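One structure is given below, encoded as structure tokens.
Structural data, given as structure tokens:
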């Protein structure tokens, strides 16, 4: 016969398990609800025409073509700036710099940079690129702002990828008479590329979804044409979504949810790509 | 004749090495002669690997490395006069573990020459064949030079690493326990390769396996706790050593 104390312990354990399980289920439920809502409400709006036509009737009808293209261009430019800078910084930190107060300061800065709220980046981009550098509200200003925002992600991922290349590769390369740069270029970087790519894609997918940094730097409220150069403003999906959800009355719901769905698919597919790439290279890795 | 057999190629004079505050080698003075295999034996922490890595400046990969004394290659100071890349090209090294880079067999062999700026396909192909032949691996891999090097067996990988070092066209080759991860048959192949290489190169062989030193080296040096205890013809070291500690070690009484 079990004692009262034991019975109470069993009951308490049951309650705790149920509570923990419920919390876990709740997380899943929230994800399912969010995605489900967007898919159900947005799917009717999805069509080839929705993706490839200009907005019409004050954005109440028509497609999201300029916002989609704007986001893709913005993201492409962001990679162009963030990738070389981030990889260069990571190579310097892991392959060249000796551990010192300076590298510690740089790492501290990187950690802090990744904690800065995105709206602050927006304000920073506004004052530095839009106003001080006179790039105006433009793709260039926005991409530079986003690049700075995702730099910590790119640097951290690249550093990790470089560190995961075995030290023996560097030794072998040096022992064969290669210079330090040749070693980095031929015996380290090629084997860090998968990790760098994965990190960069995750960074971009974050950049693609952010509204605040592009709010002041690039986004156009309504622009029924594509940007002609990097100095033109552009529409972008997250900001477009914000605009049609809050700033324009009488917009059909499927228009909003369609836009949200496209944005969601864009970001999710990038994350999926990163995951697949990582899995593929893990499997193929030979050391 | 500078490069005739028996003339000194590498000369160490009062060579000492520290890693931080830890002294690894204590005032070593010895010559490595042209076209000999110099065996280096000794227990763990005797300084034999430090000795080997001193010869081609691989020690400098460790930021805590400090040295005193001189090492000269054909009379020129390895640390003060020669450039470290030149030293490593002229004095190749084969590591304890086979460490092919995760690229093709061909790209492994041609790595050194490519880093020196060699681009000619014909020249690289010729170097590849000659190096692989000299390392007794050519017949086993000639039809699959573009296969990843990691697909080879351990013994083949180690001979590939020897070929990769040979492709540098070095003058001296250092072997750092080259057979420690290999089975007896692969070991025999690597030893055979070393004996063939002696005709053209100067070899230094660090080994934990005293029998291996007895089999292949012309002269043998016994290191203990960072000191060179004894250096003599291999027959003398193993039959009638002058130092009691050498005798104890080669007869298996310690180490």
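Chains as they are written, first to last, in this note's numbering: chain A, 1 to 287; chain B, 1001 to 1255. Note that beta-carbon positions come from the ideal geometry of N, C-alpha and C, so glycine has one too. Note that the structure is a prediction, hence the values are computed from the model and not measured.
**Asked** Which class does residue 1039 of chain B belong to by DSSP, given the choice of helix, strand or coil?
**Response** Three-state DSSP puts residue 1039 of chain B in a strand.
**Prompt:** Would you call the stretch 173 to 184 of chain A and the stretch 136 to 149 of chain A in contact, with 3 or more CB pairs under 8 Å?
**Reply:** Contact between the stretch 173 to 184 of chain A and the stretch 136 to 149 of chain A is absent, with fewer than three C-beta pairs closer than 8 Å.
**Message:** In whole angstroms, give me the CA-to-CA distance for residue 1070 of chain B and residue 1246 of chain B.
**Reply:** Approximately 26 Å, taken between the alpha carbons.
**Item:** Contact set between the stretch 1107 to 1122 of chain B and chain A, restricted to residues whose Cβ is under 7 Å from the partner
**Value:** Cβ contacts with chain A come from 1111, 1112, 1115, 1116.
**Prompt:** Which whole-angstrom value is the C-beta distance of residue 1026 of chain B and residue 1016 of chain B, which I expect to be below 8 Å?
**Reply:** Indeed, because the Cβ distance is near 6 Å, the residues count as touching under 8 Å.
**Message:** For a test of the three-state rule: what should DSSP assign to residue 236 of chain A, helix, strand or coil?
**Reply:** Annotated three-state conformation of residue 236 of chain A is coil, per DSSP.
**Counted within 10 angstroms of its Cβ, other Cβ atoms place residue 112 of chain A as buried (16 or more) or exposed** = Around the Cβ of residue 112 of chain A, a 10 Å sphere holds fewer than 16 other Cβ atoms; the residue is exposed.
**Asked** Which of the three DSSP states, helix, strand or coil, is assigned to residue 1146 of chain B?
**Response** Correct three-state label for residue 1146 of chain B: coil.
**Message:** Counting only beta-carbon separations shorter than 8 Å, does residue 1058 of chain B have a partner in chain A?
**Reply:** Taking 8 Å as the CB threshold, residue 1058 of chain B lines the interface with chain A.
**Item:** Straight-line gap, residue 1234 of chain B to residue 1036 of chain B (C-alpha atoms, nearest Å)
**Value:** Rounded to whole angstroms, residue 1234 of chain B and residue 1036 of chain B show a C-alpha spacing of 11 Å.
**Prompt:** With DSSP run on the structure shown, which of helix, strand or coil describes residue 1244 of chain B?
**Reply:** It is helical.
**Prompt:** Using a Cβ cut-off of 8 Å, which residues of the stretch 1076 to 1092 of chain B contact any Cβ in chain A, in chain order?
**Reply:** Residues of the stretch 1076 to 1092 of chain B that bring their beta carbon within less than 8 Å of a beta carbon in chain A comprise 1085, 1086, 1088, 1089, 1092, in sequence order.
**Request:** Mind listing, in chain order, the continuous alpha helix (DSSP H) runs of no fewer than 4 residues lying wholly within the stretch 1023 to 1106 of chain B?
**Result:** Residue ranges of uninterrupted alpha helix (DSSP H) with 4 or more members, entirely inside the stretch 1023 to 1106 of chain B and ordered along the chain, are 1048 to 1055, 1084 to 1090.
**Request:** Compare the C-beta of residue 228 of chain A against all C-beta atoms of chain B and say whether one is closer than 8 Å.
**Result:** Residue 228 of chain A has a beta carbon lying at 8 Å or more from every beta carbon in chain B.
**Prompt:** My guess is that residue 296 of chain A and residue 54 of chain A are in contact by the Cβ rule of under 8 Å, so how many angstroms apart are they, rounded?
**Reply:** The requested residue 296 of chain A does not occur in the structure, where chain A is confined to residues 1 to 287.
**Prompt:** If you scan the stretch 3 to 51 of chain A from start to end, which runs of the alpha helix (DSSP H) of 4 or more residues do you find wholly inside it?
**Reply:** With a minimum length of 4 residues, the continuous alpha helix (DSSP H) runs that stay inside the stretch 3 to 51 of chain A are 4 to 42.
**Asked** Which two residues bound the contiguous alpha helix (DSSP H) that contains residue 159 of chain A?
**Response** 139 to 163 is the extent of the alpha helix (DSSP H) around residue 159 of chain A.
**Request:** Find the residues of chain A that neighbour residue 1061 of chain B, judging by a C-beta separation of less than 7 Å, and give them in chain order.
**Result:** Residues of chain A passing the Cβ test: 171, 174.
**Asked** Based on the DSSP secondary-structure assignment, which residues constitute the bridge partners of residue 1015 of chain B?
**Response** Paired residue(s): B/1028.
**Item:** Own chain partners of residue 1001 of chain B with C-beta closer than 8 Å, once the 5 adjacent residues on each side are dropped
**Value:** Note on residue 1001 of chain B: pLDDT 40, under 50, position unreliable in the model; the coordinate value appears next. These residues qualify, in order along the chain: 1007.
**Message:** Measuring CB atoms only, is the stretch 148 to 164 of chain A touching the stretch 195 to 206 of chain A, in the sense that at least three cross pairs come out at less than 8 Å?
**Reply:** Yes, the stretch 148 to 164 of chain A is in contact with the stretch 195 to 206 of chain A.
**Prompt:** Taking just the CA atoms, how far does residue 205 of chain A sit from residue 271 of chain A?
**Reply:** In this model, residue 271 of chain A and residue 205 of chain A are separated by some 7 Å (Cα to Cα).
**Prompt:** Whose Cβ in chain B lies nearer than 8 Å to the Cβ of residue 177 of chain A?
**Reply:** Around residue 177 of chain A, the beta-carbon contacts reaching into chain B at under 8 Å are 1085, 1086, 1088, 1089, 1112, 1115, 1116, 1168.
**Request:** Buried or exposed for residue 1211 of chain B, please, with buried defined as at least 16 other CB atoms from any protein chain shown within 10 angstroms of its CB.
**Result:** Taking all protein chains in view, the Cβ of residue 1211 of chain B is surrounded by fewer than 16 other Cβ atoms within 10 Å, so the residue is classified as exposed.
**Prompt:** DSSP state of residue 170 of chain A, grouped into three classes?
**Reply:** Helix.
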